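Asks: To start, I am sharing the structure in question, which I have written as structure tokens.
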Amino acid sequence: MRKRIVRTAGLVACSGLSGSVLANGWNMPVGVTDVSREIHSLHMIIFWICVVIGIVVFGAMFYSLFRYRRSRGAKAANFHEHTTVEVIWTLIPILILVAMAIPATATLKTMYDASEADLDVMITGQQWRWRYSYLGEEVAFTSNMATSRSQVSGESAKGENYLLEVDEPLVLPVDRKVRLLMTSDDVIHSWWVPDLAVKQDAVPGFVNENWVRINEPGIYRGQCAELCGRDHAFMPVVVEAVEPERFDAWLAERKEAAAQEALGVDREWELDELMERGEQVYSSICASCHQPDGSGSPPAFPALAGNQAILDDPDYHIDTVVNGVSGTAMPAFRSTLNPVELAAVITYERNAWGNETGDAIQPADIAELLDDE
Amino acid sequence: MASHLPPRPTAQQNQADAGGMAVDEHHHYGPRGLKRWLLTTNHKEIGTLYLIFSLTMFFIGGIFAMVVRAELFQPGLQLVEPEFFNQMTTMHGLIMVFGAVMPAFVGLANWMVPLQIGAPDMALPRLNNFSFWLLPVAFALLLSTLVMPGGAPNFGWTFYAPLSTTYAPPSTTFFIFSLHLAGISSILGAINIIATILNLRAPGMRMMDMPLFVWTWLITAFLLIAVMPVLAGVITMMLLDINFGTSFFNAAGGGDPVLFQHLFWFFGHPEVYIMILPAFGIVSVIIPTFARKRLFGYASMVYATASIAILSFLVWAHHMFVVGLPLVAELFFMYSTMLIAVPTGVKVFNWITTLFRGSLTFEPPMLFALAFVVLFTIGGFSGLMLAISPADFQYHDTYFVVAHFHYVLVPGAVFAIMAAVYYWLPKWTGHYPHTRLSQWHFWLSVIGVNLTFFPMHFAGLAGMPRRIPDYALQFADFNMVTSIGAFIFGASQLLFVVVVVLCVRGGEKAPAKAWDGAEDLEWTVPSPAPLHTFETPPHFEPHRH
Numbered sequence: 001m002r003k004r005i006v007r008t009a010g011l012v013a014c015s016g017l018s019g020s021v022l023a024n025g026w027n028m029p030v031g032v033t034d035v036s037r038e039i040h041s042l043h044m045i046i047f048w049i050c051v052v053i054g055i056v057v058f059g060a061m062f063y064s065l066f067r068y069r070r071s072r073g074a075k076a077a078n079f080h081e082h083t084t085v086e087v088i089w090t091l092i093p094i095l096i097l098v099a100m101a102i103p104a105t106a107t108l109k110t111m112y113d114a115s116e117a118d119l120d121v122m123i124t125g126q127q128w129r130w131r132y133s134y135l136g137e138e139v140a141f142t143s144n145m146a147t148s149r150s151q152v153s154g155e156s157a158k159g160e161n162y163l164l165e166v167d168e169p170l171v172l173p174v175d176r177k178v179r180l181l182m183t184s185d186d187v188i189h190s191w192w193v194p195d196l197a198v199k200q201d202a203v204p205g206f207v208n209e210n211w212v213r214i215n216e217p218g219i220y221r222g223q224c225a226e227l228c229g230r231d232h233a234f235m236p237v238v239v240e241a242v243e244p245e246r247f248d249a250w251l252a253e254r255k256e257a258a259a260q261e262a263l264g265v266d267r268e269w270e271l272d273e274l275m276e277r278g279e280q281v282y283s284s285i286c287a288s289c290h291q292p293d294g295s296g297s298p299p300a301f302p303a304l305a306g307n308q309a310i311l312d313d314p315d316y317h318i319d320t321v322v323n324g325v326s327g328t329a330m331p332a333f334r335s336t337l338n339p340v341e342l343a344a345v346i347t348y349e350r351n352a353w354g355n356e357t358g359d360a361i362q363p364a365d366i367a368e369l370l371d372d373e
Numbered sequence: 001m002a003s004h005l006p007p008r009p010t011a012q013q014n015q016a017d018a019g020g021m022a023v024d025e026h027h028h029y030g031p032r033g034l035k036r037w038l039l040t041t042n043h044k045e046i047g048t049l050y051l052i053f054s055l056t057m058f059f060i061g062g063i064f065a066m067v068v069r070a071e072l073f074q075p076g077l078q079l080v081e082p083e084f085f086n087q088m089t090t091m092h093g094l095i096m097v098f099g100a101v102m103p104a105f106v107g108l109a110n111w112m113v114p115l116q117i118g119a120p121d122m123a124l125p126r127l128n129n130f131s132f133w134l135l136p137v138a139f140a141l142l143l144s145t146l147v148m149p150g151g152a153p154n155f156g157w158t159f160y161a162p163l164s165t166t167y168a169p170p171s172t173t174f175f176i177f178s179l180h181l182a183g184i185s186s187i188l189g190a191i192n193i194i195a196t197i198l199n200l201r202a203p204g205m206r207m208m209d210m211p212l213f214v215w216t217w218l219i220t221a222f223l224l225i226a227v228m229p230v231l232a233g234v235i236t237m238m239l240l241d242i243n244f245g246t247s248f249f250n251a252a253g254g255g256d257p258v259l260f261q262h263l264f265w266f267f268g269h270p271e272v273y274i275m276i277l278p279a280f281g282i283v284s285v286i287i288p289t290f291a292r293k294r295l296f297g298y299a300s301m302v303y304a305t306a307s308i309a310i311l312s313f314l315v316w317a318h319h320m321f322v323v324g325l326p327l328v329a330e331l332f333f334m335y336s337t338m339l340i341a342v343p344t345g346v347k348v349f350n351w352i353t354t355l356f357r358g359s360l361t362f363e364p365p366m367l368f369a370l371a372f373v374v375l376f377t378i379g380g381f382s383g384l385m386l387a388i389s390p391a392d393f394q395y396h397d398t399y400f401v402v403a404h405f406h407y408v409l410v411p412g413a414v415f416a417i418m419a420a421v422y423y424w425l426p427k428w429t430g431h432y433p434h435t436r437l438s439q440w441h442f443w444l445s446v447i448g449v450n451l452t453f454f455p456m457h458f459a460g461l462a463g464m465p466r467r468i469p470d471y472a473l474q475f476a477d478f479n480m481v482t483s484i485g486a487f488i489f490g491a492s493q494l495l496f497v498v499v500v501v502l503c504v505r506g507g508e509k510a511p512a513k514a515w516d517g518a519e520d521l522e523w524t525v526p527s528p529a530p531l532h533t534f535e536t537p538p539h540f541e542p543h544r545h
């Protein structure tokens with residue numbers, strides 16, 4: 001333990017050098033976790049090692065370039081081998097590398113120890129949003145970019161957190177160890193928040209593990225780091241770190257709301273309420289591919305407006321949304337959306353943009369379908 | 001002249017089927033015009049074809065980069081849609097790697113390996129013709145995807161599955177076919193280079209007497225033969241996933257997307273050394289010439305090159321530190337990657353010691369070679385930082401990585417290629433390149449390259465991911481500087497074309513030994529080198545190394 005403190009102190013002292021030289025916004029953030037601090041220190045140590053080597057090597061080079069110009073009358077010497085020198089400049093780099101590998105190994109071991117977490121959060125990447133689910137707590141939601149398209153196109157002024165703001169941030173408690181489990185519904189994404197020093201690929205069909213213990217409350221922003229298709233740039237991550245008491249209160253509130261929505265499954269829903277709820281779901285989940293006006297972008301993303309295949313056959317429409325279409329970009333939404341959301345969005349798609357089937361798909365029917373399968 | 005050579009099978013065949021035209025092996029015979037270039041088996045003509053092809057691709061790939069930089073000039077989407085932006089980054093990478101840098105080195109090898117070892121031609125001249133003519137076909141096919149429905153490949157030059165399989169545009173099958181063709185071309189070219197170097201050296205030239213450019217290419221050719229089949233395998237698996245219902249990389253069918261990355265980088269990491277080892281060779285030939293002093297540590301240079309080549313097979317997963325590797329794999333790949341710094345360091349120290357107590361002049365090839373040493377080393381430093389696996393969790397997939405690999409590829413590989421062109425232009429054309437224009441080209445390139453790629457380090461460290469068409473406001477200044485630098489660098493390459501064209505058409509006449517410190521065999525033949533050289537093998541005096 002004592003050794004560890006000494007080592008950490010050494011790292012911090014070394015990285016302190018950097019603070020004045022490289023102001024914020026030019027360098028890797030120190031971050032708000034113990035791991036992020038250690039990584040920042042490793043980064044600064046290896047950086048300064050490179051600077052020192054660079055001064056020596058380039059110094060020798062530029063000295064030679066000025067001193068031994070033919071225009072200054074330099075005559076070439078005739079040496080071309082020196083075994084001792086060669087051995088020395090092979091061994092010294094090895095020693096430097098070993099010295100560097102030791103703290104790096106220790107940090108890596110810490111980063112890989114995700115055991116004894118207080119809270120498990122499942123993070124699922126989807127083109128192009130994140131879905132967060134607090135395991136064992138029945139609380140789950142999707143987090144979409146909140147920056148408007150008019151800011152992107154330049155029709156309106158860009159806000160302070162342009163491209164780095166979401167409709168619902170991931171809320172996490174400070175001072176608790178949170179295990180982050182990552183997966184994806186479609187292509188590979190990568191969940192990254194620089195201040196937390198967590199970057200982990202979300203790979204479809206596999207679950208990756210990382211963890212974080214945040215030291216300071218605050219809002220930390222990042223984005224998807226792995227090219228994931230068209231809107232890769234528009235898939236931000238926002239983490240709101242709050243005091244544990246506030247977190248517990250927030251979680252209880254969200255559980256209550258989820259329970260309320262679950263009750264709604266059993267009752268009969270009017271077309272208007274379904275349309276209203278459906279529009280919300282559509283614009284946050286479906287519009288990025290099928291477009292807000294349902295026109296799609298064929299051939300990858302078919303139009304929904306006037307799409308006779310779905311309009312003529314409600315069962316086919318429901319099956320497509322619930323189970324996805326294998327081998328295409330259409331994911332299954334059965335585990336992403338609840339029965340109310342599924343029924344509402346299908347109803348919306350069957351009645352918006354001139355699709356006037358008049359069908360009101362009932363959440364109870366969807367729930368039954370999900371139970372049967 | 002020809003009587004000194006062993007009888008060739010072609011001569012026998014020509015006598016056997018000497019119908020209509022009186023065909024003989026005499027070098028004055030040959031078709032004219034387009035057919036001359038289509039059918040040529042001469043290493044110098046094929047070398048020229050490779051170099052012209054490479055320069056063309058360099059400009060096409062460069063235009064794609066200019067589109068990317070224009071869009072990134074300021075935040076917001078101004079010029080292109082994200083779909084097209086992704087096609088531009090992807091095509092830029094593919095064209096530059098497979099169409100510009102690799103063929104440029106093969107072109108230089110075609111021209112210079114026979115001349116440096118005193119061979120009359122490549123060992124397999126017809127195969128040589130075939131290797132080249134596969135390339136225009138492959139890249140015409142690849143470029144044609146830009147006008148196909150659904151657009152060109154848009155999944156990055158690393159084409160990670162399943163973005164490049166289940167979620168890919170229909171043109172991906174064409175992309176796979178074109179990469180197969182380019183791969184076959186590389187394998188055949190590599191076989192040819194190995195056969196030439198092992199069999200056709202001048203009498204008296206031992207392996208350890210070969211110029212370093214020849215050595216580095218020999219090792220590179222083995223790397224190519226080892227890894228191009230792996231690339232062929234992985235793209236064939238993609239082809240099957242896309243068109244034949246297999247699930248190699250589709251988790252829903254029991255496959256594994258990460259398997260793709262292991263296979264890709266098992267090819268991909270040796271591939272990046274394929275693009276730098278011949279550059280080491282070029283610089284190791286040029287620096288002694290203009291230092292007028294033998295290369296320091298010739299043997300250790302050869303061993304360092306071989307070590308780097310062997311290590312290149314053991315480091316692939318450092319591209320995958322955040323995909324969820326087990327701890328032991330992270331540690332193994334971190335240590336093996338750090339080790340590469342050792343032989344690479346030896347090379348840099350040897351170059352600098354060659355300069356030390358030399359008699360230096362700064363002709364254009366030397367300027368580019370010296371810039372290579374400095375700027376490649378900067379790329380090496382950021383490579384060492386990236387090797388530190390815990391820190392890579394922050395660096396990975398950011399502009400820091402983009403800065404790193406552009407430093408080793410542009411002022412690395414590309415500057416070495418330009419150094420080689422300036423160095424050997426007198427031998428190819430009989431004229432020296434225009435000095436003042438060459439210097440302008442050099443300084444504009446150096447300024448442009450650093451203005452382009454140095455700010456990328458800061459953008460990456462500050463948190464900007466790569467491959468995004470739009471970015472948060474705190475990255476705006478870095479991106480604007482980068483874009484300005486990119487435009488300067490791009491425009492200054494037009495000057496390069498001017499210099500080359502002027503040099504082909506005229507200029508100060510060069511003697512056989514165009515540079516007074518140059519010692520290798522190519523400087524014993526006239527400038528410009530006649531179409532056929534060393535028909536009688538020269539006698540090689542092993543005095544230099």
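Protein chains in written order, with UniProt numbering: chain F, 1 to 373; chain S, 1 to 545. Don't be surprised by glycine CBs; every beta carbon is placed ideally from N, CA and C. Just so we're clear, the structure is a prediction, and the values are computed from it rather than from any experiment.
1) I want to verify the contact list: residues of chain S whose CB lies under 8 Å from the CB of TRP26 (chain F), in sequence order.
2) Give the interface partners of MET145 (chain F) over in chain S, defined as CB-CB distance under 8 Å, in chain order.
3) Within 7 Å of any Cβ in chain S, is that where the Cβ of HIS80 (chain F) sits?
4) So ARG466 (chain S) packs on THR398 (chain S), CB below 8 Å; how close in whole Å?
5) Could you please give me the residues that DSSP links to THR183 (chain F) through a beta bridge?
6) Compare the C-alpha of VAL315 (chain S) against each of S:GLY281, S:PHE264, S:GLY47 and name the closest.
7) Give me whichever residues DSSP pairs with ILE219 (chain F) in a beta bridge.
8) Please state the DSSP three-state secondary structure of LEU172 (chain F).
9) Quick one: which chain F residues come within Cβ less than 9 Å of ASN86 (chain S)?
10) Is ALA157 (chain F) buried or exposed, if buried means 16 or more other CB atoms sit within 10 Å of its CB?
11) Out of S:LEU521, S:GLN493, S:LEU384, S:SER527, state which residue places its alpha-carbon closest to the alpha-carbon of GLY506 (chain S).
12) Excluding five sequence neighbours on each side, which residues of the same chain lie with their C-beta closer than 6 Å to the C-beta of THR452 (chain S)?
13) Which chain S residues sit within Cβ distance under 8 Å of ALA259 (chain F)?
14) Compare the C-alpha of PHE368 (chain S) against each of S:ILE193, S:TRP440, S:LEU134 and name the closest.
15) In chain F, which residues lie with their C-beta within 8 Å of the C-beta of VAL373 (chain S)?
16) Within 10 Å of its beta-carbon, does residue 448 (chain F) have 16 or more other beta-carbons around it, so buried, or fewer, so exposed?
17) Please classify GLU356 (chain F): does DSSP put it in a helix, a strand, or coil?
18) Under 7 Å, CB to CB, which of the residues in the region 157-169 of chain F have a partner in chain S?
19) With a cut-off of 7 Å, does the C-beta of ALA341 (chain S) fall near any C-beta of chain F?
20) Is there a Cβ from chain F that is less than 7 Å from the Cβ of ARG69 (chain S)?
21) Under three-state DSSP, which class holds PRO204 (chain F)?
22) Quick one, which residues of the region 485-502 of chain S are near chain B if we go by CB-CB under 8 Å, in chain order?
23) Residue range of the beta strand (DSSP E) that ALA143 (chain F) falls in?
24) Under a Cβ-count criterion, where at least 16 other Cβ atoms within 10 Å of its own Cβ denotes burial, should HIS434 (chain S) be classed as buried or exposed?
25) Name the residues in the region 288-314 of chain S whose C-beta lies less than 8 Å from a C-beta of chain F; which are they?
26) Just verifying my parser: in three-state terms, what is the DSSP assignment at VAL98 (chain F)?
27) Counting Cβ pairs closer than 8 Å, one from the region 380-391 of chain S and one from the region 117-133 of chain F, do we hit at least three?
28) Run through DSSP, which three-state label would LYS293 (chain S) get?
29) So who's on the other strand from LEU119 (chain F), going by DSSP bridges?
30) Among F:VAL174, F:CYS228, F:THR147, F:ASN351, which residue has its Cα nearest to the Cα of PHE247 (chain F)?
31) Starting from VAL193 (chain F), trace the beta strand (DSSP E) both ways and give me its first and last residue.
32) Measuring only between beta-carbons, confirm whether MET210 (chain S) sits less than 7 Å from chain F.
33) Considering only their Cβ atoms, is the gap separating LEU274 (chain F) from THR347 (chain F) smaller than 7 Å?
34) State the CB to CB distance for the pair VAL242 (chain F) and PRO217 (chain F), rounded to an integer number of angstroms; the pair is presumed to be in contact (CB under 8 Å).
Replies: This is what the structure holds:
1) One-based indexing of the first sequence puts residue 26 (chain F) at position 26. Neighbours of TRP26 (chain F) on chain S, chain order: PHE458, LEU461, ALA462.
2) Residue numbering aside, residue 145 (chain F) sits at position 145 when the first sequence is read from its first letter. None at all; the shortest Cβ gap to chain S is about 11 Å.
3) Translated into positions along the first sequence, residue 80 (chain F) becomes position 80. So yes, HIS80 (chain F) belongs to the interface.
4) Here the question's residue 466 (chain S) lines up with position 466 in the second sequence. Here the question's residue 398 (chain S) lines up with position 398 in the second sequence. That pair is a contact at about 6 Å.
5) Along the first sequence, one-based indexing puts residue 183 (chain F) at 183. In DSSP, THR183 (chain F) forms a bridge with F:THR124.
6) Here the question's residue 315 (chain S) lines up with position 315 in the second sequence. Of the listed residues, the one whose Cα sits closest to VAL315 (chain S) is S:PHE264.
7) By one-based count along the first sequence, residue 219 (chain F) stands at place 219. Answer by DSSP bridge pairing, in chain order: F:GLU240.
8) Here the question's residue 172 (chain F) lines up with position 172 in the first sequence. Looking at LEU172 (chain F) - three-state DSSP - the assignment turns out to be strand.
9) Position 86 of the second sequence, counting from 1, holds the residue named residue 86 (chain S). What ASN86 (chain S) touches in chain F: LEU227, GLY229, ARG230, HIS232.
10) On the first sequence, residue 157 (chain F) is found 157 positions in, with the first residue counted as 1. Label assigned to ALA157 (chain F): exposed.
11) In the second sequence, the residue the question calls residue 506 (chain S) occupies position 506. Out of S:LEU521, S:GLN493, S:LEU384, S:SER527, S:SER527 has the C-alpha closest to the C-alpha of GLY506 (chain S).
12) By one-based count along the second sequence, residue 452 (chain S) stands at place 452. These residues qualify, in order along the chain: THR482, GLY485, ALA486, PHE489.
13) Taking the first sequence and counting its residues from 1, the one referred to as residue 259 (chain F) is at position 259. Simply none; closest approach about 32 Å.
14) Indexing the second sequence from 1 puts residue 368 (chain S) at position 368. Of the listed residues, the one whose Cα sits closest to PHE368 (chain S) is S:TRP440.
15) Residue 373 (chain S) sits at position 373 when you count from the first residue of the second sequence. By Cβ distance, chain F contributes MET61.
16) Outside the shown range of chain F, which is 1 to 373, sits residue 448 (chain F), and nothing can be said about it.
17) On the first sequence, position 356 is the one that residue 356 (chain F) refers to. Looking at GLU356 (chain F) - three-state DSSP - the assignment turns out to be coil, as it is neither helix nor strand.
18) LYS158, TYR162, LEU163, LEU164
19) Taking the second sequence and counting its residues from 1, the one referred to as residue 341 (chain S) is at position 341. Taking Cβ atoms only, chain F reaches closer than 7 Å to ALA341 (chain S), which makes this a yes.
20) Numbered from its first residue, the second sequence carries residue 69 (chain S) at position 69. So, not an interface residue.
21) Position 204 of the first sequence, counted from the start, is the residue given in the question as residue 204 (chain F). Strand.
22) Looking at the structure shown, chain B is missing, and the protein chains on hand are F and S.
23) As a first step, residue 143 (chain F) must be located in the first sequence, where it is residue number 143. Rather than Ala, the amino acid found at residue 143 (chain F) in this sequence is Ser. Looking at the DSSP string, the run of the beta strand (DSSP E) that includes SER143 (chain F) is 139-143.
24) Counted from its first residue, the second sequence places residue 434 (chain S) at position 434. The residue in question, HIS434 (chain S), is buried, as its Cβ has 16 or more Cβ neighbours within 10 Å.
25) ALA291, ARG292, LYS293, ARG294, LEU295, PHE296, GLY297, TYR298, ALA299, SER300
26) Numbered from its first residue, the first sequence carries residue 98 (chain F) at position 98. In the structure shown, VAL98 (chain F) sits in a helix (DSSP, three-state: H, G or I).
27) no
28) Within the second sequence, numbered from 1, the residue matching residue 293 (chain S) stands at position 293. Correct three-state label for LYS293 (chain S): coil.
29) For the purposes of this step, residue 119 (chain F) is taken as the residue at position 119 of the first sequence. The partner list for LEU119 (chain F) (beta bridge, DSSP) reads F:VAL178.
30) Position 247 of the first sequence, counted from the first residue, corresponds to residue 247 (chain F). Looking at the Cα atoms, F:VAL174 is the closest of the given residues.
31) Position 193 of the first sequence, counting from 1, holds the residue named residue 193 (chain F). Element bounds for VAL193 (chain F): 189-193.
32) Looking up residue 210 (chain S) in the second sequence gives position 210. No - not a single Cβ of chain F is within 7 Å of the one on MET210 (chain S).
33) Position 347 of the first sequence, counting from 1, holds the residue named residue 347 (chain F). Position 274 of the first sequence, counting from 1, holds the residue named residue 274 (chain F). Result yes, Cβ atoms of THR347 (chain F) and LEU274 (chain F) sit closer than 7 Å.
34) Locating residue 242 (chain F) in the first sequence gives position 242, where the first residue counts as 1. Locating residue 217 (chain F) in the first sequence gives position 217, where the first residue counts as 1. Rounded, the Cβ-Cβ distance is 6 Å, consistent with contact.
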